[in-house]
Amino acid sequence: MTKQCRQCSKSFKLEQWDLDFYQRIAVPQPSLCPDCRQQRRLTYRNERKLYQDQCDLCQRQIISLYSGDSPYTVYCQDCWWSDRWHPLDYAREYDPDQSFFAQWHELQLAVPRIALFNLHSTNSEYTNHSLRNKNCYMGVAMGECEDSLYGHWVLKSKNCVDNLYCEQCELCYECSYCRNCFQTFWSQYCETANDCLFCFECRDVQNCLGCVQLQHKQYYILNQPATAEEVATTKQRLLTHPEFRQQFIAQWEALKLKAPRRFNLQINCEQSTGNDLYNCRNAKFCFNCRNLDNAKYMFDLGDNKDSMDAYEHGWLVPSELIYEAHAGMAGYNLKFCNICADSRDLQYCDCCFQGSSNLFGCIGLKKSSYCILNKQYNETEYYQLEKKIVEQMRKTGEYGEFFPITYAPFAYNESAAPEYFPSTPEQVTALGGRWQAEDRKQYKVQTYRVLSDSTLVSDDILQALLA
Numbered sequence: 025m026t027k028q029c030r031q032c033s034k035s036f037k038l039e040q041w042d043l044d045f046y047q048r049i050a051v052p053q054p055s056l057c058p059d060c061r062q063q064r065r066l067t068y069r070n071e072r073k074l075y076q077d078q079c080d081l082c083q084r085q086i087i088s089l090y091s092g093d094s095p096y097t098v099y100c101q102d103c104w105w106s107d108r109w110h111p112l113d114y115a116r117e118y119d120p121d122q123s124f125f126a127q128w129h130e131l132q133l134a135v136p137r138i139a140l141f142n143l144h145s146t147n148s149e150y151t152n153h154s155l156r157n158k159n160c161y162m163g164v165a166m167g168e169c170e171d172s173l174y175g176h177w178v179l180k181s182k183n184c185v186d187n188l189y190c191e192q193c194e195l196c197y198e199c200s201y202c203r204n205c206f207q208t209f210w211s212q213y214c215e216t217a218n219d220c221l222f223c224f225e226c227r228d229v230q231n232c233l234g235c236v237q238l239q240h241k242q243y244y245i246l247n248q249p250a251t252a253e254e255v256a257t258t259k260q261r262l263l264t265h266p267e268f269r270q271q272f273i274a275q276w277e278a279l280k281l282k283a284p285r286r287f288n289l290q291i292n293c294e295q296s297t298g299n300d301l302y303n304c305r306n307a308k309f310c311f312n313c314r315n316l317d318n319a320k321y322m323f324d325l326g327d328n329k330d331s332m333d334a335y336e337h338g339w340l341v342p343s344e345l346i347y348e349a350h351a352g353m354a355g356y357n358l359k360f361c362n363i364c365a366d367s368r369d370l371q372y373c374d375c376c377f378q379g380s381s382n383l384f385g386c387i388g389l390k391k392s393s394y395c396i397l398n399k400q401y402n403e404t405e406y407y408q409l410e411k412k413i414v415e416q417m418r419k420t421g422e423y424g425e426f427f428p429i430t431y432a433p434f435a436y437n438e439s440a441a442p443e444y445f446p447s448t449p450e451q452v453t454a455l456g457g458r459w460q461a462e463d464r465k466q467y468k469v470q471t472y473r474v475l476s477d478s479t480l481v482s483d484d485i486l487q488a489l490l491a
């Protein structure tokens with residue numbers, strides 16, 4: 025079955041798997057293509073545009089996802105999770121004569137929002153969309169890490185800096201898509217690499233420099249065997265002499281160009297399409313995912329079953345029956361939700377946690393059940409009103425897809441959407457989104473000249489401005 029996207033006008037296919045899934049979770053067929061659905065979800069995600077702000081409850085200076093002129097009430101993490109306020113106090117009565125999304129947006133403007141999404145972490149104030157970290161700084165989508173800096177999608181790692189999509193690594197620097205590596209720098213797509221520099225697609229290697237697609241090797245330089253002394257000498261020069269390092273990188277890149285490439289990265293996968301997949305079965309059009317079973321259009325997540333159209337939902341803790349969702353974990357039967365975790369049977373909810381269940385259009389609830397627009401109902405009342413709202417939303421065409429870009433809490437160029445879907449301010453406005461004017465900052469002048477040989481750096485650098 026072929027449909028035309030109502031946003032970009034491109035044709036997209038609905039296969040029998042899709043139709044069966046929509047019927048199973050009782051939602052209509054989407055009117056947007058997969059890319060436009062993903063773009064909409066990403067407008068609700070701010071990863072790196074951080075602001076200095078003040079908690080609206082305790083007045084403490086904080087780092088926030090929201091600028092000072094944001095229309096939202098913003099609480100620091102301690103206040104937001106505390107019992108000093110109650111989300112049910114902001115309850116709204118559903119009005120069938122108004123658009124559901126307009127009513128939801130009124131609630132969104134009233135309920136306090138959490139400054140950063142950083143759960144169960146210690147001394148990791150500047151990490152976002154992260155959890156269970158200790159002594160980490162400026163990381164996004166980091167989980168169960170310790171003493172690590174500047175990571176994106178780094179899991180269960182220690183003493184790591186400047187890494188991308190790495191898992192269970194230690195003392196690694198400038199690595200991407202690496203797993204179970206130790207003291208490895210400037211490497212890509214490696215697994216179980218120890219004391220290596222500039223390695224590509226290597227497995228079970230030690231003391232290798234500039235190697236490509238080696239397995240079960242030790243003491244190699246540019247894919248040629250070497251002595252331990254040669255490796256040690258070359259490694260020292262690579263770490264201390266930038267000119268030699270650049271020459272070496274050129275040789276390494278030439279070696280990479282000669283190596284055959286697999287068409288994608290899939291390990292222990294069955295009947296799956298996409299890239300960077302591990303332990304997946306029947307995962308279609310999925311990217312950077314782990315432990316999926318029967319899923320489609322999933323991105324940057326893991327541990328998910330019978331799900332479709334989600335970004336970063338269900339990593340570290342399993343989820344099931346997730347549809348059109350952004351961020352979260354440990355969810356069951358969540359539809360059209362933004363950053364909800366440890367919950368089940370939610371629709372059109374935002375930031376609901378801690379065992380919540382049977383919620384519709386709620387924001388900021390914890391340990392709550394049978395609520396609509398943050399108003400408490402008994403079980404019978406809830407199901408009756410939920411059915412009525414869904415029927416009305418189907419008539420108006422509101423039901424069945426993620427929240428509109430119009431009500432995204434961030435400007436388009438604050439969100440993660442431009443990384444995948446670059447757009448002009450005019451295009452964003454036409455979609456109903458916002459574009460924020462660039463805030464041109466005045467920076468102090470650099471006071472330190474970075475030395476080419478790192479061994480000559482003194483403690484003066486601790487007091488200097490590097491850039």
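Numbers given in my numbering equal positions in the sequence shown, counted from 1, plus 24.
In this text, a Cβ means the ideal position worked out from N, Cα and C, and glycines have one as well.
Everything numeric in this text was worked out from a predicted model, so none of it was measured.
C-alpha distance - residue i paired with residue j, whole-angstrom precision
| i | j | result |
| --- | --- | --- |
| S35 | C310 | 20 Å |
| L389 | C376 | 5 Å |
| N247 | Y302 | 27 Å |
| F426 | L345 | 15 Å |
| A488 | L480 | 15 Å |
| P54 | H240 | 48 Å |
| Q47 | W41 | 10 Å |
| Q63 | A441 | 6 Å |
| S343 | V474 | 47 Å |
| C386 | S172 | 35 Å |
| T151 | A365 | 18 Å |
| M322 | Q31 | 21 Å |
| R61 | P266 | 45 Å |
| T208 | P52 | 49 Å |
| D186 | G175 | 5 Å |
| V469 | A126 | 47 Å |
| D324 | E215 | 19 Å |
Residue i (DSSP reduced to helix, strand or coil)
| i | result |
| --- | --- |
| T67 | coil |
| A395 | Before going further, note that residue 395 is Cys rather than Ala in the sequence given. The answer is strand: DSSP assigns C395 an E or B state. |
| V452 | helix |
| A139 | coil |
| Q290 | strand |
| Y96 | coil |
| N147 | coil |
| E415 | helix |
| D59 | helix |
| R9 | There is no way to answer for residue 9, as the model of the chain reaches only from 25 to 491. |
| D492 | Here the chain comprises residues numbered 25 to 491, so residue 492 is not present and cannot be evaluated. |
| D219 | coil |
| N306 | strand |
| L383 | strand |
| D113 | helix |
| E438 | helix |
Cβ-heavy atom distance, residue i to the ligand NAD, below 7 Å
| i | result |
| --- | --- |
| Y96 | The model on display carries no ligand, and the ligand NAD is accordingly not part of it. |
In DSSP terms, what residue i is bridged to
| i | result |
| --- | --- |
| M525 | The requested residue 525 is not part of the displayed model; the chain covers only 25 to 491. |
| V164 | N152 and H176 |
| K241 | V229 |
| N362 | H350 and D374 |
| V236 | F224 |
| P249 | Y244 |
| E170 | K158 and K182 |
| F427 | DSSP lists no partner for F427. |
| G326 | R314 |
| H337 | G352 |
| F445 | Bridge partners of F445: none, in fact. |
Of the listed residues the options, nearest to residue i (C-alpha basis)
| i | options | result |
| --- | --- | --- |
| A274 | Q400, F222 and Q78 | F222 |
| P433 | C79, Q466 and Q132 | Q132 |
| C220 | C196, S200 and K411 | C196 |
| N231 | W339, Y406, A250 and G298 | A250 |
| N382 | T216, K391 and R368 | R368 |
| S33 | C57, L74, V229 and A50 | C57 |
| K282 | Q408, D102, L89 and C235 | C235 |
| I291 | K280, A307, P284 and A278 | A307 |
| G92 | C103, Q101 and D80 | D80 |
Limits of the unbroken alpha helix (DSSP H) element including residue i
| i | result |
| --- | --- |
| R269 | P266 to K282 |
| R48 | Q40 to I49 |
| T26 | Looking at the DSSP string, T26 is not in any alpha helix (DSSP H); the run it does join, the beta strand (DSSP E), is T26 to Q28. |
| L131 | F124 to A134 |
| Q101 | Q101 to W105 |
Segment limits, beta strand (DSSP E) that includes residue i
| i | result |
| --- | --- |
| Q78 | Y75 to Q78 |
| L358 | G355 to K359 |
| K199 | A small fix is needed here, since residue 199 is Cys in this sequence, not Lys. Neither: C199 is in no beta strand (DSSP E) and is coded neither H nor E. |
| I485 | Segment: none, I485 is in no beta strand (DSSP E) and carries neither H nor E. |
| C190 | L188 to E191 |
| Y302 | G298 to Y302 |
Residue-chain proximity (residue i, chain C), Cβ-Cβ < 8 Å
| i | result |
| --- | --- |
| N70 | The question asks about chain C, but that chain is absent: this structure has only one protein chain. |
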